[in-house]
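Here the sequence shown is numbered in the working numbering, starting from 44 and rising by one per residue. Encoded as structure tokens, the structure appears first; notes follow it.
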Amino acid sequence: MRVFQMKRIYGMIFVLLVLFSTAFAQSVHYDVFLDTQETHFFRVKMTIRNAPEETLNVAIPAWFGLYQIRDFAQYVQRVRAENENRQRISMTKIDKQTWQIIPGTSGTIQISYRVFGNDLSPFGTQLNTKHAFINPAMILFYLVNGRNRPVTITYHKPEKWKIITAADRMENRNASFKAGSYDELADNPVEIGNFTKRSFTSDGAVYDAAFYDYHKEFDLNRFTEMLKRIVHYETVQLMHDVPFKRYVFLFQLVDSHGSGMEHTNSCVISFNRARAHRDVFELSSLIAHEFFHAWNVKRIKPKTLFRYDWTKENYTRALWFAEGGTSYYAALTRERADFWTRRQLLDHFAKRITQEENDPGRFIQSPEMASFNAWFEKYPWYERPENSISYYRSGEILSFLLDLKMRLDTRNRFGLDDVMRTMNGLFAKRNIGYNDSRDVLAVMNSLTGKDYSDFFARYISGTERPPYEKIVGRAGLTLRKTLKELPDPEFTAERNFDKPFVVTTVENESPAQKAGLRINDRIVKINGKPTELYIRDSYKGMKKGDQVTLLIKRGSREELLSYKLKMTSKPSFSLQMQKKRSEFQMKLLNDWFEGKP
């Protein structure tokens, strides 16, 4: 009895200690004011309660979303700190993104500042008279030694503006939200304004879709039907998992390129309104890609990206799998959810192989090194074809080959779908990160009973040409190579995600050079139309001697250049079904097309 009483006493003491520590723990609340819309400045107040009297550091991330240092502190102005008596206290900037506060006494500290935002993109933040789109990491300070503490936020918006985000709403508070940590809050972008909204339920989860700047360019019912098919396939049929109760799509209609950014329970996607007007199903690839990131990247993530260091680059060698593998499943989703035919899927992978084979960078950079060097992508010189490759494209092709190879090696019992589901169980469900390519290899070896170390060493860590013909041939496909006469743009250009294409090389003495095209020119339009996803696609259907017009931007000045098109011969690949396929090959391909074991 005495032992039981002592346990009760100790238990009560423990509970009291927890309550005491919770009551006096630092808490952080943000107020974001949207009342200076014409200037594009957000006003922010950060309130830290129960702050200690000793030194306290706050910072704003140097990067978010993109694997690029963007230094959001450059947009911060008029920073000041006050105590609970409204007396100004010492606040000193100690590096490019960190401020040090010396309160002098414990209590409440309020930090106020303003931050500029006028970039409408999934990776940006914008405030104007029409709306506010916010990536919280771009405007909110965090406690350097307190990122894991719960936070709350209130958005002070015009009365008629609506608000949507995947963050948890505070009870009876329309524009106030809570999160378990700063990082969780940062992972929940917000759209505020008069957006158009559609909602539906699928397999136990609620899906909300908000459209900014929608003017009836396309049929929203047809668009919503597309979303339903994508989410049902990827959750139920592919991953056998619905890891959220609610998911939010934030769509931005723009006149430029489309792009997307994934989050744990939401994604932000911008797309060209003219492209959507042609056929909303064209957008299925981008949507399927970003939605699949709800697993691959956001839950199944490399150890080095498991808890971000917001102050510097975070390196991984596994983006070929994280991004390239996601691109692979975006393509499969389009076919398996009936947006594409089987023929279109094969043509897609043949096109990717053609692009890879014509990329000189593949001789000097491996998919792993392309992943590691992702932080160089904002530099035009690095983006030149002879200097680097795309881990998106190379990873997509490698995923295609590994999927077929696993099916071949196991008599069609296992494929890459099983790798994704296994990694979801091993890592995502246990809330731990994986060891880059090493753990991807380990899972494949474990499932198949084979050793793929040689494949990884030669084609993923190394720069050897993958054995396309051998693998697809065993699966009942033929990869054919031909020399094809194609329009020659006479220049190469790369773009930093949703930014304009920037010219990286111009062929010497070419008509394009003679017309005035220079390195670092930004391509606005080709033949009067916004550029396609790939520069060469903007020349599709043109013939030798056709007139090419380029609207370029040089500095702040736009200029129209014109020259006559010439053609060039380049290797081109096609994927064809073999006419004489064995029963095993027919079943393997059919199961691969349909997503069966």
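C-beta atoms are modelled at their ideal positions from N, C-alpha and C, and glycine is treated no differently. Please read these numbers as outputs of a predicted model, since none were measured by experiment.
Measure the C-alpha to C-alpha separation of residue i and residue j and round it to an integer number of angstroms.
i, j, result
"A331", "H320", "19 Å"
"N128", "T151", "9 Å"
"L228", "K394", "40 Å"
"H275", "S245", "7 Å"
"F314", "E97", "49 Å"
"L444", "I514", "7 Å"
"Y351", "N357", "7 Å"
"T197", "I145", "26 Å"
"T592", "E260", "27 Å"
"R405", "Y73", "47 Å"
"L362", "V483", "12 Å"
"S302", "P543", "12 Å"
"F84", "Q117", "13 Å"
"S409", "R92", "50 Å"
"S242", "Y250", "6 Å"
"T208", "R131", "34 Å"
"L608", "K205", "50 Å"
"Q69", "R192", "8 Å"
"F502", "F184", "Looking at the sequence shown, residue 502 is not Phe but Tyr. The alpha-carbon atoms of Y502 and F184 are separated by roughly 42 Å."
"T547", "F349", "34 Å"
"H283", "W338", "11 Å"
"F324", "M269", "7 Å"
"E125", "Y372", "51 Å"
"R579", "V71", "50 Å"
"G222", "T359", "With the sequence shown as reference, residue 222 is identified as Ala, and Gly is not the correct amino acid for it. Cα-Cα distance, rounded: 27 Å."
"E439", "R216", "44 Å"
"Y606", "S327", "35 Å"
"E575", "K421", "20 Å"
"P530", "W106", "39 Å"
"C310", "G588", "44 Å"
"P614", "M585", "18 Å"
"F159", "V119", "7 Å"
"S504", "S437", "12 Å"
"E426", "R272", "35 Å"
"L329", "E552", "38 Å"
"I312", "F292", "8 Å"
"I595", "P573", "11 Å"
"V486", "V462", "6 Å"
By the three-class DSSP mapping on this structure, what secondary structure does residue i have?
i, result
"S442", "helix"
"E158", "The identity of residue 158 in the sequence shown is Val, whereas the question assumes Glu. The answer is strand: DSSP assigns V158 an E or B state."
"A66", "Residue placement at A66 is flagged as unreliable, the pLDDT there being 41, under the threshold of 50; a coordinate-derived value is accordingly withheld."
"D114", "coil"
"R641", "Residue coverage of the chain in this structure runs from 44 to 640, which leaves residue 641 outside it and unanswerable."
"Q140", "coil"
"D74", "strand"
"M585", "coil"
"T611", "strand"
"F627", "helix"
"K355", "coil"
"N217", "coil"
"E277", "helix"
Would you say residue i and residue j are within 8 Å of each other, going by their C-beta atoms?
i, j, result
"V87", "T141", "no"
"F287", "A248", "yes"
"L490", "T525", "no"
"L631", "A518", "yes"
"Q398", "L520", "no"
"T535", "P428", "yes"
"D381", "G638", "no"
"I396", "F616", "yes"
"L109", "F176", "no"
"D298", "R318", "no"
"L170", "Q295", "no"
"V567", "E533", "no"
"E305", "E333", "yes"
"R190", "Y156", "no"
Please report the Cβ distance between residue i and residue j, rounded to the nearest whole angstrom; I am assuming they are in contact, meaning their Cβ atoms lie under 8 Å.
i, j, result
"D230", "T307", "5 Å"
"T384", "V340", "Wrong, their Cβ atoms sit about 29 Å apart, outside the cutoff."
"S149", "A218", "Going by Cβ atoms, the distance from S149 to A218 rounds to 30 Å, so no, they are not a contact pair."
"R565", "A471", "In fact, because the Cβ distance is near 40 Å, the residues do not count as touching under 8 Å."
"G236", "H174", "3 Å"
"V545", "N563", "6 Å"
"P640", "R456", "6 Å"
"G31", "Y435", "Nothing about residue 31 can be read from this structure; the chain reaches only from 44 to 640."
Give a yes or no on whether 8 Å exceeds the smallest Cβ distance from residue i to chain C.
i, result
"M449", "This model lacks chain C altogether, as it is built from one protein chain only."
Subject >> Entirely enclosed alpha helix (DSSP H) segments - the stretch 480–568, minimum 4 residues >> reply: 511–517 and 554–557
**OP:** Go through the stretch 368–429 residue by residue and report every complete run of the alpha helix (DSSP H) that reaches 4 residues or more, in order.
**Re:** Fully enclosed alpha helix (DSSP H) runs of 4 or longer: 385–400 and 410–415.
**OP:** With a floor of 4 residues, list each alpha helix (DSSP H) that falls wholly inside the stretch 181–212, ordered by position along the chain.
**Re:** Fully contained in the stretch 181–212 is no alpha helix (DSSP H) run of length 4 or more.
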